[in-house]
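Trainee:
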Amino acid sequence: MVKARGCDKCNEITGASTLDLLSQDLAKQVRTAYDRIEDRGMATCLFGAGGTCCRNCNMGPCQIIDGVESMIGVCGATADTVAARNFCRFIAGGTAAHVDHAREMVRGLIATAKGETPHEIKDEDKLHKMARIFDIEIEGRDKNEIALELGEKALAEFGQQDGTLTMVKRAPKKQQEIWDREGVTPRGIDREVVEMMHRTHMGVDQDYRNLLKQGARTALADGWGASMLSTELTDIMFGTPVPKRAIVDLGVLKEDMVNVTVHGHEPLLAEALCLAAEDEEILALAKKAGAKGINLAGVCCTGNEILMRRGVPVAGSFIQQEMVLATGAV
């Protein structure tokens with residue numbers, strides 16, 4: 008059994024196909040995440056693991072020990088401050104990833120509405136629901152006209168500096184009141200990420216309570232701003248998912264077909280690949296090369312997107328990505 012350090016239940020490879028592949032000569036030439044952990048040959052830094060190592064300026068790194076006066080930061084930051092800064096920067100980084108993902112979905116909707124992509128509006132009911140949320144007139148207008156205005160209004164929320172994000176109004180009224188009372192209702196999508204990075208920089212905010220409050224506001228800009236917006240627009244363009252029965256694991260890769268795996272965090276590209284895999288000209292090229300056709304398989308997040316919408320099989324998660332390559336079939 009291959010293991011990594013830490014919780015045995017969380018750090019074991021238990022999949023039969025993956026274990027079988029690991030025993031093959033080709034796979035032995037591929038370094039996995041588990042191999043890289045073992046190759047390091049050193050224990051994790053306790054300050055780093057505990058969140059009390061600060062690298063936010065060039066006077067550090069500062070390793071902080073709670074309650075020891077001589078072991079606070081050069082800037083005076085305590086363990087509470089440093090732990091809050093580090094955690095909040097994790098929030099900012101994760102939010103930024105989702106924000107950029109959502110931005111591309113909004114731009115994709117605008118381009119689709121203008122006829123500049125191979126995609127089309129598939130869920131008009133959800134388009135109309137979203138249009139009503141954004142106070143967009145739908146009577147007597149075609150779907151592309153509505154989608155264009157929706158995309159333009161949604162895009163404006165990324166750079167919005169004041170006010171409240173439109174999607175926040177979908178939260179229960181009582182919840183909105185709590186967010187307003189605590190001062191964590193997001194004002195704009197990009198603004199909260201920028202302010203979070205600003206507050207956690209040297210010489211700005213040393214109060215862990217203020218930092219965590221902005222962390223909450225940044226997280227809400229993600230969940231009730233970027234991520235929710237992205238989810239709804241993806242459904243509008245590619246269809247709202249329904250339960251599907253599908254096959255998963257490494258065995259979905261075919262020996263007699265051209266295997267193409269969809270990996271990453273970009274539904275627009277994944278859908279384009281699905282269309283390309285059905286293109287007669289491309290299929291003819293695959294058959295000319297001796298393959299029976301093109302076999303599309305998913306890996307990780309975007310793999311799940313095309314699984315739930317198109318029933319495309321999933322070869323594995325991101326922790327198996329090297330194993331997918333080790334098959335030699337991709």
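Numbering (my numbering), first residue to last: 8 to 337. Cβ coordinates follow ideal geometry from the N, Cα and C atoms, glycine included.
Identify every run of the alpha helix (DSSP H) within the region 72-128, keeping only runs that are complete inside it and at least 4 residues long; order them along the chain.
Mentor: Counting whole runs of 4 or more residues, the region 72-128 contains the alpha helix (DSSP H) stretches 86-120.
Trainee: CA-CA distance, Met8 and Thr334?
Mentor: Taking the first residue of the sequence shown as 1, we reach residue 8 at position 1. Taking the first residue of the sequence shown as 1, we reach residue 334 at position 327. Any answer about Met8 is weak, because its pLDDT of 41 lies below 50 and its placement is not dependable; what the coordinates show is given next. Rounded to the nearest angstrom, the two C-alpha atoms are 19 Å apart.
Trainee: Looking only at DSSP bridge pairs, what is Gly158 linked to?
Mentor: Reading the sequence shown from its first residue, position 151 is the one you call residue 158. Partner(s): none; Gly158 has no beta bridge.
Trainee: For the region 219-286, list the alpha helix (DSSP H) runs that are entirely contained and at least 4 residues long, ordered along the chain.
Mentor: Listed in chain order, they are 235-245, 274-284.
Trainee: Is the CB-CB distance between Ala154 and Ile128 below 8 Å?
Mentor: What you label residue 154 is simply residue 147 of the sequence shown in a count that begins at 1. What you label residue 128 is simply residue 121 of the sequence shown in a count that begins at 1. Yes, the pair counts as a contact, with Cβ atoms nearer than the cut-off.
Trainee: With a Cβ-Cβ cutoff of 8 Å, do Glu199 and Thr173 count as a contact?
Mentor: As a working note, residue 199 is residue 192 in the sequence shown. As a working note, residue 173 is residue 166 in the sequence shown. Cβ atoms of Glu199 and Thr173: not closer than 8 Å.
Trainee: List the endpoints of the continuous beta strand (DSSP E) containing Leu303.
Mentor: In the sequence shown, residue 303 corresponds to position 296, counting from 1. Looking at the DSSP string, the run of the beta strand (DSSP E) that includes Leu303 is 301-306.
Trainee: Report yes if the CB atom of Val259 is closer than 8 Å to the CB atom of Ala322, and no otherwise.
Mentor: Residue numbering aside, residue 259 sits at position 252 when the sequence shown is read from its first letter. Residue numbering aside, residue 322 sits at position 315 when the sequence shown is read from its first letter. Yes; because the gap between Cβ atoms is below 8 Å, this pair is in contact.
Trainee: DSSP on Gln70, reduced to helix/strand/coil?
Mentor: Taking the first residue of the sequence shown as position 1, residue 70 is located at position 63. Strand.
Trainee: Going by CA-CA distance only, name the one from Met264, Tyr215, Val306 that's closest to Thr59.
Mentor: Looking up residue 59 in the sequence shown gives position 52. Ranking Met264, Tyr215, Val306 by Cα distance to Thr59 puts Tyr215 first.
Trainee: Determine, using beta carbons only, whether Val269 and Gly310 come nearer to each other than 8 Å.
Mentor: As a first step, residue 269 must be located in the sequence shown, where it is residue number 262. As a first step, residue 310 must be located in the sequence shown, where it is residue number 303. In this structure, Gly310 lies closer than 8 Å to Val269 by Cβ.
Trainee: Rounded to a whole number of angstroms, what is the C-alpha to C-alpha distance between His205 and Gln182?
Mentor: Here residue 205 refers to the residue found at position 198 when the sequence shown is read from its first residue. Here residue 182 refers to the residue found at position 175 when the sequence shown is read from its first residue. Answer to the nearest angstrom: the Cα atoms are 27 Å apart.
Trainee: Rounding to the nearest angstrom, what Cα-Cα distance links Val106 and Ala223 in this structure?
Mentor: Start at 1 with the first residue of the sequence shown, and residue 106 comes out as number 99. Start at 1 with the first residue of the sequence shown, and residue 223 comes out as number 216. Cα-Cα distance, rounded: 15 Å.
Trainee: Inspect the CB distances between the region 73-80 and the region 94-104 and report whether three or more fall short of 8 Å.
Mentor: Contact fails: fewer than three Cβ-Cβ distances are below 8 Å.
Trainee: Report, in whole angstroms, the separation of the C-beta atoms of Ala40 and Ile326, which I expect to be a contact under 8 Å.
Mentor: For the purposes of this step, residue 40 is identified with residue 33 of the sequence shown, where counting begins at 1. For the purposes of this step, residue 326 is identified with residue 319 of the sequence shown, where counting begins at 1. Confirmed, about 6 Å.
Trainee: Return the chain-ordered list of same chain residues with a C-beta closer than 8 Å to the C-beta of Asp15, the five sequence neighbours on each side being excluded.
Mentor: Along the sequence shown, one-based indexing puts residue 15 at 8. Because the pLDDT of Asp15 is 49, which lies under 50, any placement of that residue in the model is unreliable, and the question is left without a value.
Trainee: Grouping DSSP H, G and I as helix and E and B as strand, with all else coil, what is Ser324?
Mentor: For the purposes of this step, residue 324 is taken as the residue at position 317 of the sequence shown. Looking at Ser324 - three-state DSSP - the assignment turns out to be coil, as it is neither helix nor strand.
Trainee: Are Gly232 and Ile196 closer than 8 Å when you measure CB to CB?
Mentor: One-based indexing of the sequence shown puts residue 232 at position 225. One-based indexing of the sequence shown puts residue 196 at position 189. Contact flag set, yes.
Trainee: So, is Arg316 buried or exposed, given that buried needs 16 or more other C-beta atoms within 10 angstroms?
Mentor: Locating residue 316 in the sequence shown gives position 309, where the first residue counts as 1. Buried, since its Cβ has 16 or more Cβ neighbours within 10 Å.
Trainee: For the alpha helix (DSSP H) containing Gln182, name the first residue and the last one.
Mentor: One-based indexing of the sequence shown puts residue 182 at position 175. Element bounds for Gln182: 180-189.
Trainee: How many angstroms separate the CA atom of Gln221 from the CA atom of Arg194?
Mentor: If you number the sequence shown from 1, residue 221 lands on position 214. If you number the sequence shown from 1, residue 194 lands on position 187. Cα to Cα, the separation comes out at about 11 Å.
Trainee: Do you know offhand how far Glu329's Cα is from Arg38's?
Mentor: As a first step, residue 329 must be located in the sequence shown, where it is residue number 322. As a first step, residue 38 must be located in the sequence shown, where it is residue number 31. Their Cα atoms are separated by approximately 7 Å.
Trainee: Taking 6 Å as the limit between beta carbons, can you name the residues of its chain near Val265, skipping five residues before and five after?
Mentor: Looking up residue 265 in the sequence shown gives position 258. The residues are Ala293, Ala298, Ile301.
Trainee: Would His208 be called buried (16 or more neighbouring beta carbons within 10 Å of its own) or exposed?
Mentor: As a position in the sequence shown, residue 208 is number 201, starting the count at 1. Label assigned to His208: exposed.
Trainee: Using a Cβ distance threshold of 8 Å, determine whether the region 157-168 contacts the region 110-124, with at least three qualifying pairs required.
Mentor: Yes, the region 157-168 is in contact with the region 110-124.
Trainee: Apart from the five residues on each side of it in sequence, which residues of its chain come closer than 8 Å, Cβ to Cβ, to Arg139?
Mentor: Looking up residue 139 in the sequence shown gives position 132. Closer than 8 Å at Cβ, skipping near neighbours: Ile145.
Trainee: Could you tell me if Val191 is buried or exposed, where buried requires 16 or more neighbouring beta carbons within 10 angstroms of its beta carbon?
Mentor: Walking along the sequence shown from the start, residue 191 turns up at place 184. Label assigned to Val191: buried.
Trainee: Quick one: Cα of Gly13 to Cα of Asp130, how far?
Mentor: The count along the sequence shown starts at 1 and reaches residue 13 at position 6. The count along the sequence shown starts at 1 and reaches residue 130 at position 123. In this prediction, Gly13 has a pLDDT of 43, which is less than 50 and means its spatial position is unreliable; what the coordinates show is noted afterwards. Rounded to whole angstroms, Gly13 to Asp130 spans 44 Å at the Cα level.
Trainee: Which same chain residues end up closer than 6 Å to Cys82 when comparing Cβ atoms and leaving out the 5 residues on each side of it in sequence?
Mentor: Position 75 of the sequence shown holds residue 82. Cβ neighbours of Cys82 beyond the five flanking positions: Met209.
Trainee: Identify which residue in Asp212, Val113, Phe141, Leu53 has its Cα closest to the Cα of Ala84.
Mentor: One-based indexing of the sequence shown puts residue 84 at position 77. When each option's Cα is compared against that of Ala84, the closest is Asp212.
Trainee: Exposed or buried, Met112, counting other C-beta atoms within 10 Å across all chains shown (16 or more means buried)?
Mentor: Here residue 112 corresponds to residue number 105 of the sequence shown, with the count starting at 1. It counts as buried.
Trainee: Would you say Pro125 and Ala279 are within 8 Å of each other, going by their C-beta atoms?
Mentor: As a working mapping, residue 125 is identified with position 118 in the sequence shown. As a working mapping, residue 279 is identified with position 272 in the sequence shown. Yes. Within cutoff.
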